[in-house]
Structures are given as structure tokens and as C-alpha cells.
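Novice:
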Amino acid sequence: MTDRKLEKADFNDIYDRPDPRAYFDRLGSLDYTVPHHGQRVFLKVLDALDVDSPTVVDLCCSYGVNAALMKCELTLDHLYDHYADDQVAHLAPEELADEDRSFYRSHRRQAAPRVIGLDTASSAVEYAVHVGLLDAGASDNLEQNDPSPELAQIVGEADLITVTGGIGYITDRSIDRLLDCTSPDRRPWFAALCLRTVDFTPVADTLARHGLVTEQLDNATFPQRRFADDLEREFALRSLAEQGLDPTGKEADGEYHVNVFLSRPSEDVAVASIDALLEHLAPPDGASATNHLPG
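Numbering (my numbering) for the sequence shown: 22 to 316.
Have a look at this one:
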């Protein structure tokens with residue numbers, strides 16, 4: 022089987038640096054917008070959870086971008102502007118960290134969630150913790166190993182697990198190990214933005230084994246970023262064809278697109294569907310509908 026990760030552009034050189042400037046510069050040049058859509062989804066989901074001081078575990082967290090957008094009164098455009106500012110361009114990483122700590126503190130929401138980040142890029146995680154975006158971070162590789170006792174305890178306290186685009190780099194193996202840390206009477210909700218080129222079914226099946234029902238926001242996809250080259254485009258179109266998915270108006274126009282999934286205990290799904298919780302997120306020309314995945 023072809024390793025599909027190898028057919029996407031390689032950004033390893035920007036994922037684990039001492040600070041996020043190269044990350045925002047490179048991905049900004051490709052109109053990387055999925056954290057913006059994740060912010061809209063996750064804030065609505067947190068409102069629906071209605072938990073005082075919720076704990077979020079963000080998977081593939083990198084430099085804490087999702088954490089910044091959940092914890093601060095900021096948009097993704099604010100972050101792009103901040104890291105492109107001439108005043109920070111020539112700062113040493115330690116100086117930028119001091120600047121960022123003040124920047125994020127000054128924009129913090131009054132009722133910000135506690136966010137724990139998980140990513141094998143240890144330098145990125147350390148930076149996000151250092152500047153206050155992550156309340157704690159871990160670099161455990163759950164594709165290969167069980168979580169550390171410290172991470173297991175944190176995951177056991179989670180109200181929500183989030184991921185934007187990381188499914189495919191991590192698989193149902195990681196999700197299974199995470200949910201093994203949770204109690205059957207206190208399962209966290211799981212909110213994911215997943216590339217359409219990646220089959221979410223194995224993850225949904227794993228979530229189902231842990232008592233979570235997965236819904237997909239149907240007829241509503243959101244752009245992740247532009248393709249870096251023709252190879253990516255060809256890979257995406259081939260992957261979609263294998264799944265019988267139509268790329269018209271989405272990948273055919275030059276961008277990866279993501280689906281939105283929300284997994285919850287059945288009693289929570291019975292109270293309100295994903296369609297109701299994420300009302301107004303769907304594009305006006307595409308009425309969203311609820312689709313329960315098997316499992």
C-alpha cells in the first residue's frame with residue numbers, strides 16, 4: 022500500500038523549530054485556513070458542553086495554534102499578521118517567546134479553557150507551553166507506545182479532544198490508546214476536522230467501541246489549504262476517486278477540503294444533533310444534514 026503521507030508536501034522542516042515564524046510564513050503562503058474553521062467549530066462545541074473550566078486535549082497541536090484560537094480573543098489572521106510583523110522578524114527565539122507571552126496574555130478570554138497539547142514535535146510543544154498557550158504538553162508517540170502515566174491522567178480529565186487535519190498522520194491506534202485512559206462514565210467529546218482524502222471510518226469505529234456516536238456535518242466542507250504542487254493535487258483527486266467522492270468545487274479548484282465530525286455519548290446526541298450544535302457554520306448554498314457513521 023502506498024504511504025499517502027509521502028504524497029503530501031513535506032513540512033517537517035517547519036513543524037519542530039524553536040518558534041513558529043517559519044510555520045506561519047510557509048503555511049500562510051498556501052492559504053492555510055483550517056485552524057480558523059476549527060476555532061468556529063470548537064468554540065460552539067465548548068458552549069454546548071456547558072462545563073465550567075473545561076479541559077481540552079488538542080492532538081497534533083504543533084505550536085498551539087488551536088489553543089490560541091480557543092483561549093484568546095484572536096483570529097487566525099491576527100496570528101499571521103503578528104508573526105509577519107517587522108518588529109518580530111529579527112527577534113531571537115527567546116525574545117519572541119517573551120513577546121508572545123505578553124501578546125497572548127493580553128488577548129486571553131475571560132473563560133478560557135484549559136488546553137493540553139499532544140504532538141511528537143517536542144520543540145513546538147515546548148514553545149506553546151512556554152508562552153502560555155498550552156497549560157501542559159506531551160510528545161508521546163501514541164502510534165508506537167502507550168501514553169505516559171502523566172498523559173493518561175490528563176486525558177482522563179478531558180472534556181473535549183480536538184484535532185484539525187492530523188487524522189492520517191495519527192490513526193485509530195492513537196485514538197484507541199487515548200480513550201483507554203478515560204472512564205466509561207466520563208467519556209470526552211471528540212471533535213475532528215479531517216481531510217476528505219482520509220477515510221475517517223476506522224477512527225469512528227474505534228470511537229464507537231468506546232461508547233461514542235459519530236456524526237458528520239454533511240454537505241458542508243471547509244478548505245484546509247491550497248495544494249503545494251501538482252503531485253499533491255493528483256494524489257488528492259486519486260484518493261477521492263477511490264472513495265467515490267466528487268471533487269467538484271472543492272479539490273478540483275486547487276484546495277484540500279475537510280469534513281467536520283463530532284463524536285459524543287448517545288445520550289448527548291439525542292439532545293441535539295451536530296446540525297443543531299453547529300448551526301450557521303455550513304455555507305449558505307449547502308444545507309447541512311446529519312449523517313450517523315456506522316459503528
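C-beta atoms are modelled at their ideal positions from N, C-alpha and C, and glycine is treated no differently.
From P39 to A149, what does the alpha carbon distance come to, in whole angstroms?
Specialist: The residue you call residue 39 lines up with position 18 of the sequence shown. The residue you call residue 149 lines up with position 128 of the sequence shown. In a straight line, the C-alpha of P39 is about 10 Å away from that of A149.
Novice: How would you label A262, buried or exposed, when you count the other beta carbons within 10 angstroms and need 16 or more for buried?
Specialist: In the sequence shown, the residue the question calls residue 262 occupies position 241. By the 10 Å Cβ count, A262 comes out exposed.
Novice: What is the rounded straight-line gap between the Cα of D250 and the Cα of G275?
Specialist: Mapped onto the sequence shown, residue 250 falls at position 229. Mapped onto the sequence shown, residue 275 falls at position 254. Taking the straight line from one Cα to the other gives about 9 Å.
Novice: For F243 versus V279, is the C-beta spacing smaller than 9 Å?
Specialist: Within the sequence shown, numbered from 1, the residue matching residue 243 stands at position 222. Within the sequence shown, numbered from 1, the residue matching residue 279 stands at position 258. Cβ distance < 9 Å, so F243 and V279 count as in contact.
Novice: Identify every residue that forms a DSSP beta bridge with T332.
Specialist: Residue 332 cannot be examined here, being either before or after the span of the chain that is shown, 22 to 316.
Novice: Is the separation between the beta-carbon of I295 and that of Q237 shorter than 9 Å?
Specialist: Taking the sequence shown and counting its residues from 1, the one referred to as residue 295 is at position 274. Taking the sequence shown and counting its residues from 1, the one referred to as residue 237 is at position 216. Cβ atoms of I295 and Q237: closer than 9 Å.
Novice: What residue does the alpha helix (DSSP H) around G177 start on, and which one ends it?
Specialist: As a first step, residue 177 is located in the sequence shown; it is residue number 156 there, counting from the start. Taken as a continuous stretch (DSSP letters only), the alpha helix (DSSP H) holding G177 covers P170 to G177.
Novice: May I have the straight-line CA-CA distance separating G158 from S260, to the nearest angstrom?
Specialist: Locating residue 158 in the sequence shown gives position 137, counting from the first residue. Locating residue 260 in the sequence shown gives position 239, counting from the first residue. When rounded, the distance between both Cα atoms is 33 Å.
Novice: Using three-state DSSP, classify D236 as helix, strand or coil.
Specialist: Here residue 236 refers to the residue found at position 215 of the sequence shown. In the sequence on display, residue 236 carries Glu and not Asp. Strand at E236.
Novice: Would the segment 138-154 count as touching the segment 102-110 if we require 3 or more Cβ pairs under 8 Å?
Specialist: Verdict: no, contact absent.
Novice: Under 9 Å between the Cβ atoms of D79 and V152?
Specialist: Translated into the one-based positions of the sequence shown, residue 79 becomes position 58. Translated into the one-based positions of the sequence shown, residue 152 becomes position 131. Against a cut-off of 9 Å, the Cβ pair of V152 and D79 comes out as no contact.
Novice: So, do the segment 222-239 and the segment 186-203 have three or more beta carbon pairs nearer to each other than 8 Å?
Specialist: These segments touch.
Novice: Only counting the same chain, and skipping five residues up and downstream in sequence, which positions put a Cβ closer than 8 Å to that of G186?
Specialist: Locating residue 186 in the sequence shown gives position 165, counting from the first residue. Cβ within range, chain order: V55, C81, L214, C215, L216, Q245 and V279.
Novice: Give the range of the alpha helix (DSSP H) segment to which P223 is assigned.
Specialist: Within the sequence shown, the letter at position 202 stands for residue 223. Looking at the DSSP string, the run of the alpha helix (DSSP H) that includes P223 is T222 to R230.
Novice: Taking its Cβ as the centre, do 16 or more other Cβ atoms sit within 10 Å of T235, making it buried, or is it exposed?
Specialist: Sequence index remark: in the sequence shown, residue 235 carries index 214 (1-based). Classification of T235: buried, given that the 10 Å Cβ count is 16 or more.
Novice: If contacts are defined as beta-carbon pairs under 8 Å, then P223 and D193 qualify, I think. What distance do you get, rounded to the angstrom?
Specialist: The residue you call residue 223 lines up with position 202 of the sequence shown. The residue you call residue 193 lines up with position 172 of the sequence shown. Correct: roughly 4 Å between the Cβ atoms.
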